[in-house]
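J.: In this text, residue positions in the sequence shown follow the working numbering: the first is 798, and each later residue adds one.
For every residue, glycine included, the Cβ atom is placed at its ideal position computed from N, Cα and C.
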Amino acid sequence: MPHREAGDNEPMEKTWSIRQVHPSDAERIGVHGQFREAPGSERQILCANWLRPRIESGRYVGWFAMDGDCVIGGAGAILLDWGPTRANPGGVMARINNVFTEHAWRRRGVARALLLAVFAQCEAMGIREFNLGATPEARSLYGTLGFESYPAEMRRRVTAD
Ligand SMILES: CC(C)(COP(=O)(O)OP(=O)(O)OC[C@H]1O[C@@H](n2cnc3c(N)ncnc32)[C@H](O)[C@@H]1OP(=O)(O)O)[C@@H](O)C(=O)NCCC(=O)NCCS
C-alpha cells in the first residue's frame, strides 16, 4: 500500500509501504513495545520471545511500515479470548500494542495507516472490540481513531516483596 506525500512547493514522490509482520520480526517488535528501554534490554528480549510463537499461531496481528528495507514503524494487537459481550459476540478482543514510529517519520500518518491495517485484519476475523493503554503522546492519535476512555476499568498488580 504505497503512500504519497507532498513536498513544500511541488508534489514530491516519497513512498513507504506497510506489510504484515513475520515471526522473524519479533525482536524488532519487542523494541517498539519497550521503546523506553535500552536496546537489547531484558524486557525487550522477553517480549520478543513471547511474541514469536504468537505471531506464528496468529494470536498476534502485526504490521510494519517500511521505507525500502528499513522498518520505520510498527503496530499490532494481541488477540485475547475475552468472552462474548453484546458489542463483541465473537468473544475475541484485540489489545493494541507495540505502536511506534521512528522519530524522523512522525506526523506523516504512519501510525494511523498501521493501526487501520490492524483494525481491518481484526475486523475481518469478526473482532468488534479493541482496547489499549495509551502513552500521553498517543492519546490524541487514538482519539482520532475512535477510542474513548473507559473509566470502569480497574486493575490489581501484585508487587514482589
Ligand atoms: C504516538 C506515535 C506512535 C504517533 O506516530 P505517528 O506516525 O507520528 O502518528 P500519525 O502521523 O499517524 O498521527 C496521526 C494523528 O494522530 C495525532 N497525533 C499523532 N502524534 C501526535 C502528537 N505527538 N501530538 C498530538 N497529536 C498527535 C494527530 O491527530 C495526527 O494527525 P496530524 O499529524 O494530521 O495532526 C509516535 O509519536 C511514537 O512512536 N511515540 C512513541 C511511542 C508511543 O508513545 N507509542 C504509543 C504507545 S500506546
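Just list the beta strand (DSSP E) runs in the segment 820 to 890, keeping only unbroken ones of 3 residues or longer that don't cross its boundaries, in chain order.
T.: 857 to 864, 867 to 878
J.: Any chance you could list the residues with Cβ under 7 Å from a heavy atom of ligand 1, keeping chain order?
T.: Of all residues, those with a beta-carbon under 7 Å from at least one heavy atom of ligand 1 are PHE832, GLY870, VAL896, PHE897, THR898, TRP902, ARG903, ARG904, ARG905, GLY906, VAL907, ALA908, ARG909, ALA910, LEU929, GLY930, ALA931, THR932, GLU934, ALA935, SER937, LEU938, THR941, reported in chain order.
J.: My output table needs one value for ARG961: the three-state DSSP class, helix, strand or coil.
T.: Look at the range of the chain in this structure, 798 to 958, and you will see that residue 961 is not part of it.
J.: Going by C-alpha to C-alpha distance, which of ARG925, CYS867, ARG856, ALA921 sits closest to GLY873?
T.: ARG856
J.: Express the C-alpha separation of ARG904 and SER937 in angstroms, rounding to a whole number.
T.: 12 Å
J.: Taking only three categories from DSSP, how would you classify VAL896?
T.: strand
J.: Given ARG909, which residues of its chain have a CB within under 6 Å of its CB, disregarding the five upstream and five downstream residues?
T.: none
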